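Position in the sequence shown (from 1) plus 33 gives the number in our numbering. C-beta atoms are modelled at their ideal positions from N, C-alpha and C, and glycine is treated no differently. Note that the structure is a prediction, hence the values are computed from the model and not measured. For reference, the structure discussed in these notes is given below.
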Amino acid sequence: MKNRILVLLLVILPVIGFSQVSSKDKKYLIKELSAKINNLRVSKGLSPLYFNDTLRRAAEYHSKYMAQNFILSSEEKSGKFATPEKRIQAFGGRGYQAVGENLFQTASYKFPLKKKDLEQIVNSIYNGWYNSIPHYASLVEPEFNVGDFGFKANETKGVVFVTLLMAKKGYIVKNQLSNNSFGLELAGDGCESDSKEYTNLMMNLGNSLVIEGNEVIMYYHNIETFNAIFSGPNDGVAIDLVSPNQVKCGTANQLDASPIYDGILLKPYYRDEMLKNNRAESEYRIITKVGDIPAKMNGKEYSPSLIVIKDNKACKYFCPAIIPKKDYSLKRLTPILKDVEVDLTDIGIIRSTLVSYNFNTDQATSISLPKIDKSIKKVHSIQINSFSSVEGDSAKNAQLHNARAQFIKNHLKNELRVSDNQIRVIARENWDLMAFQLNYYMLDNLSKLSHAAFRKYLPKRDSIIPWDSLFFNQRKSDAIINYYGTYSDVKETESLASFNLRTGVIMDNQNLVNKALYTLYNESGYDSDLLFEAQIVEYVRTHPDVVANYAALMTRNYGYASQAVTEFLFNWLDRSDELDDDAKNNLLILYTLISEYYIDNWDISTQRLSNVIHPQKIEKIIPQNIKDEVLLNLNLAFIQYYGQINDSKNTSKSFQYITSYFKFLSFTPEDDANLALFFNYWSAYNEAVEFLLPRFEKDELNEDGVFTLAQTMNYANYESDSEIYLNVHKKAVSLNPTRWCEWVNKDFQVKRNFLIKRLYCETCK
């Protein structure tokens, strides 16, 4: 990392003429100015600056640029020559650890210059720099050991533009493992532009390195991003081991002069080898070795910097760094509950028992008969469920599931002596489950086909998903036997509200169902299994008026049976027009909770379940008058999902909504610091700095805000050569010097910046 000091000085006097600075004049100006500057440095106990041909050519080039454009600026439009560092590199300079640049624009002169003009120019330049605090600081900077000048006059206005370029020539780190950087060369400017999209993600890679024994291991959470960054076989990484001794106080920084590395370079690892050695159990992550540390070296004494290799060339260099970050948590929202004027009853359904029947393919007679509980004498009702799978002929399917239902009915009538009036039969092809299964396996397009079109597709289906297993699960034949009695007959563990929920469902009393759900929400200790009993799930699926209270109660049980919760949400995605706004509100709250649960437990199954209730499907439920807090939580859930699947476009949409929401509500320094942490969580480091800087300049940040700003500027290398960067660190020192010293001591590569190192050495004794 290079450091630079940039200072400008402009002097204008009303003299005009034709301009040209001769070689003789340049020699005079260089001789006199260098003598004055070095005399000043020696008087301060500093070493003089030595001339440097690379710096001279870079300085002359920049003076010519300023003269041609009549502008006093350290920046140029051309990317290759945009900054002092890049100009040095463009002229073959390598290994400069610090860079400083003083600029000057003279008055207008008539040419050729006279002796008194030259003397006046020398004095005006030197006195201008001497009397300017930032220019003077550059002249007496201890880090610099080489420097040179460039002079160029504007040909129409007779104004001379002066560039003094200063730097520190690099150091040679001993005991390298290769005498040619393992064949690596520095990439050109094209690498910078080509990889711009992934710069922040590459930065995160740099923070994913861990030294374990004599190996450097990369722990990265997203294999898709890894594959996007390392897209070719000649892409990879190399580890640069940097020691704290290279930036210790009392000596100049000892970073290697190589353009590739600063410490000791380890042998590179390339894409295919990294993927081959991936030992992560999850297919979404990568854990792989990226560096071998020689046995003679103690790996714990070093910090691993990351060199990203593109097409066998060193493209990017990243130092590990502490970066504070934190996502916003979901707001804990209370769902809307509907209380109804109805009393709970103590007479009703005391128990519901599920019995299953197994049939061979195309058979209507059960393989075996289930045992029926006859200990409870009074049967209230029976619901028979007979579902066939959706493949095959619909008429044949109907004949089959109706015949199976009749078999079950006859068996139960014989066993329990019940009448036809007590038996309800649901017999159909299981298209509802088929739709869920298709969305689960991310075949959403197939779920949109008509039944006839889907059947035409089935003979041509591929074998990517387990079709036979799906069809098997669709075939379900069972019966639910509901027994009647009083609450006193119920086992002691069941609450009165639970008893009433089952009773209301079986007796089709919506008011009683809502009252029971309302009561259960406000009590604890009920059996969560009750909510997922088949007849209760089926009832809620077909009765929109109880959805609000059922969804509210689900918000307390969503992790208990996550797939059942997902099926419940999925059922209403295309039927939201049947729901009132309270029900939609509660469904959305439930979605945010289950979505967060899936992200926290991300694997193949939860990814598929998340797709069933994909954000774009959930958006269909959102009412026009949605509450701000609910919409915020939705976007907090959406951004996590989109970030997990690398959907940058939709991640950005939710990111913008969330930042706008919290910017509007940012009233305190704590709010500002939290928003900056959110920016950092989503790798928006520049946005974090640009949000905090204006508040820093107005002295509106608290301690956490200042430290977040300092650490983020360091991590993102955001204007690390600027005065404001140094001032941020000085402010952090003034607020809590112990905290600052502990940070820099741990994150020692911060001291690559010699100004920060100087502050550390003066402060942290």
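For L529, the first and last residue of its enclosing alpha helix (DSSP H): For L529, the enclosing alpha helix (DSSP H) starts and ends at L529 to I539.
The region 344-353 touching the region 375-390, judged by at least three CB pairs closer than 8 Å: Proximity of the region 344-353 to the region 375-390 falls short of the contact definition, fewer than three beta-carbon pairs being nearer than 8 Å.
Bridge partners of E245, per DSSP? The secondary-structure analysis by DSSP pairs E245 across a beta bridge with E248.
Nearest-angstrom Cα distance between F114 and S141? A straight line joining the alpha-carbon of F114 with that of S141 spans about 27 Å.
Sorted by chain position, which residues of the same chain lie with C-beta nearer than 6 Å to E134's C-beta, five sequence neighbours on each side aside? Only L39, S107, P117 and L198 meet the Cβ criterion.
Nearest to S385 by alpha carbon, out of Q396, S408, L363 and N393? That would be S408, whose Cα lies nearest to the Cα of S385.
Take the Cβ of E314 as the centre, count every other Cβ of all protein chains shown within 10 Å, and call the residue buried at 16 or more, exposed below. Exposed: under 16 other Cβ atoms inside 10 Å.
Is it true that the region 443-451 meets the region 394-412, where meeting means three or more beta-carbon pairs spaced less than 8 Å apart? Judged by Cβ distances under 8 Å, the region 443-451 makes contact with the region 394-412, as three or more pairs qualify.
Of all the options D614, L768, A585 and F565, which has the alpha carbon lying nearest to the alpha carbon of Y593? Comparing alpha-carbon positions, the option among D614, L768, A585 and F565 lying closest to Y593 turns out to be F565.
For N618 versus V573, is the C-beta distance shorter than 8 Å? Cβ atoms of N618 and V573: not closer than 8 Å.
Secondary structure of V48, DSSP reduced to three states: Note on V48: pLDDT 42, under 50, position unreliable in the model; no value is reported.
Extract the residue ranges of the alpha helix (DSSP H) inside the region 126-168, only unbroken runs of 4 or more that lie entirely within it. As far as the region 126-168 is concerned, its whole alpha helix (DSSP H) runs of at least 4 residues are 148-163.
What first and last residue would you give for the alpha helix (DSSP H) that runs through L66? DSSP places L66 in the uninterrupted alpha helix (DSSP H) bounded by S56 to S76.
What does DSSP give as the partner residues of V195 in its beta bridges? DSSP lists F137 and F184 as partners of V195.
Bridge partners for A91 per DSSP, in chain order? According to DSSP, A91 bridges with nothing at all.
Are there 16 or more other CB atoms within 10 angstroms of the CB of E775, so buried, or fewer, so exposed? By the neighbour-count rule (16 or more Cβ atoms within 10 Å), E775 is not buried but exposed.
Where do the ends of the alpha helix (DSSP H) carrying E795 lie? From DSSP, the alpha helix (DSSP H) with E795 extends over F787 to T796.
List, from N- to C-terminal side, the beta strand (DSSP E) runs of 3 residues or more that fit wholly inside the region 345-404. Correct list: 346-351 and 380-389.
Classify N750 as helix, strand or coil using the three-state DSSP reduction. If DSSP states are grouped into helix, strand and coil, N750 belongs with coil.
Please return the same chain residues whose Cβ sits closer than 6 Å to the Cβ of F51, not counting the five positions on each side in sequence. The predicted position of F51 is uncertain, since its pLDDT is 44 and thus under 50; no value can be drawn from it.
Classify R608 as helix, strand or coil using the three-state DSSP reduction. The three-state reading of DSSP puts R608 in coil, since its state is none of H, G, I, E or B.
Taking the beta carbon of P301 as the centre, do at least 16 other beta carbons fall within 10 Å, making it buried, or is it exposed? With 16 or more other Cβ atoms within 10 Å, it is buried.
What did DSSP end up calling F215 once you bin it into helix, strand or coil? Residue state, collapsed to three classes: helix.
On the premise that F137 lies in contact with L62, defined as a C-beta separation below 8 Å, what is that separation, rounded to the nearest angstrom? So it is not a contact: roughly 11 Å between Cβ atoms.
Work out the CA separation of F724 and E730 for me, nearest whole Å. Cα to Cα, E730 sits roughly 11 Å from F724.
Three-state secondary structure (DSSP) at P702? If DSSP states are grouped into helix, strand and coil, P702 belongs with the helices.
Which of helix, strand or coil DSSP assigns to Y303: Note: Y303 maps to strand in three-state DSSP.
Do D273 and R304 have their beta-carbon atoms positioned less than 8 Å apart in this structure? Contact flag unset, no.
Apart from the five residues just before and just after G216, which ones in its own chain have a Cβ nearer than 8 Å to its Cβ? Hits under 8 Å: N345.
Do three or more CB pairs link the region 359-379 to the region 247-257 at distances below 8 Å? The count of Cβ pairs closer than 8 Å, one atom from the region 359-379 and one from the region 247-257, stays below three, leaving the stretches out of contact.
Quick check on the DSSP output: what are the complete alpha helix (DSSP H) runs of length 4 or more inside the region 450-509, in order along the chain? Those alpha helix (DSSP H) runs which fall completely within the region 450-509 and span 4+ residues are 464-473, 477-480, 484-490 and 500-507.
Mind checking whether F351 and G239 have CB atoms under 8 Å apart? Yes, the Cβ-Cβ distance between F351 and G239 is below 8 Å.
Burial state of K790 (16 or more Cβ within 10 Å): Answer is buried; the Cβ neighbour count reaches 16.
Neighbourhood of L82 by C-beta distance below 8 Å, restricted to the same chain and skipping five residues each side: Closer than 8 Å at Cβ, skipping near neighbours: S67, I70, N71, R74, F177, N178, V179, G180 and M199.
For I244, count the other beta carbons within 10 Å of its own beta carbon; 16 or more makes it buried, fewer makes it exposed. Which is it? Counting Cβ neighbours within 10 Å, I244 comes out buried, since at least 16 surround it.
Which residue marks the beginning of the alpha helix (DSSP H) containing D633, and which one marks its end? Unbroken alpha helix (DSSP H) run through D633: D614 to D633.
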